[in-house]
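**Q** Okay, handing you the structure first.
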Amino acid sequence: MVLNARQRRILDLAQTAGSVEIDALAAQFGVTPQTIRRDINQLCARELLVRYHGGAGLPTSVENLHYQVRQYAHAEEKRAIAAAVAAEIPPRASLFITIGTTTEAVAAALAHHSGLHVITNNLNVAQELASRDQIEVIVTGGTVRQRDKGLVGQQAVDTINQFRVDYAVIGISGIEPDGTLLDFDAREVRVAQAIIRNARRVFLAADHSKIGRPALVRVGHIGQVTKLFTDRPPPGDLAQVLREHGVAAHIARPA
């Protein structure tokens, strides 16, 4: 799938605001409403957005964004977050890396670290790191989720439970103002919960669009996290929760 720059920006705006309006987009980009309507029709035909009268929006809280949307959305912010996470992981560390496009960016940023031992339920992460001579990669068992190459299910949990690692690098679909961490797939959540339990330090990598975003399944609470890596300062309620639980926030601004 090839998207033009305007279509990628429309996806970014939709992920941040939850929906977009045709007339407002036409004014913002300086094009006709017909041009924006064609863009949105193409994005909806690829199941990247859901069309409604006058605009388009994201799926509901019971359905995550299409994987390719998440790859495109906030790519610069994810790279900045990934670089910040990688800078705090020393050589010869052991770590879990979960499913997610932000955690995949972290894997790319870790590619030149030496002596790492990485356990992952993300086949994209495994492919990124497996060719590196100085990195050992262990892939969990489980059922392959075709849309994003994530491994889920009890076999993945069983593999995770065999290890106790220095760091867990996790992503998330939504963070509520009270610090509740949310995702969409209960099978994925059970793996993420096992990863959190079996890590000495938990690094949560999440761009600003995840804050306040609804999702169906509760993963845990941000108080279980050692450090939050994001690209904008958390809003007031969440910032207070972070202070109460002693969770450091690293703001990684894109270039």
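The sequence shown begins at 31 in this note's numbering and counts up by one. All residues carry an ideal CB built from backbone N, CA and C; glycine is no exception.
(1) May I ask you to report which of helix, strand or coil DSSP gives Glu166?
(2) Run the CB neighbour count on Val176, radius 10 Å, all protein chains shown included, and call it buried at 16 or more, exposed below.
(3) Within 10 angstroms of its Cβ, does Thr133 collect 16 or more other Cβ (buried), or is it exposed?
(4) Do you know how far the Cα of Ile40 is from the Cα of Thr260?
(5) Give the range of the beta strand (DSSP E) segment to which Val32 is assigned.
(6) Taking contact to mean 3 or more Cβ pairs, one atom from each stretch, closer than 8 Å, check whether the stretch 220 to 234 and the stretch 64 to 83 are in contact.
(7) By the three-class DSSP mapping on this structure, what secondary structure does Arg76 have?
(8) Can the beta-carbon of Ala282 be found closer than 8 Å to that of Ala113?
(9) Based on Cα-Cα distance, which residue from Gly130, Arg162 and Phe59 lies nearest to Val221?
(10) Apart from the five residues just before and just after Val174, which ones in its own chain have a Cβ nearer than 8 Å to its Cβ?
(11) Exposed or buried, which one is Ala224 when buried takes at least 16 other CB atoms within 10 Å?
(12) What three-state label does DSSP hand Phe59 in the structure shown?
**A** Judging by the given coordinates:
(1) strand
(2) The residue asked about is misnamed: residue 176 is Gln in this sequence, not Val. Gln176 comes out exposed.
(3) Thr133 counts as buried, since no fewer than 16 other beta carbons sit within 10 angstroms of its beta carbon.
(4) 21 Å
(5) Where Val32 is concerned, there is no enclosing beta strand (DSSP E), given that its DSSP letter is neither H nor E.
(6) The stretch 220 to 234, when compared against the stretch 64 to 83, does not touch it at the 8 Å Cβ threshold.
(7) coil
(8) yes
(9) Gly130
(10) Leu153, Gly180 and Leu181
(11) Buried: at least 16 other Cβ atoms inside 10 Å.
(12) helix
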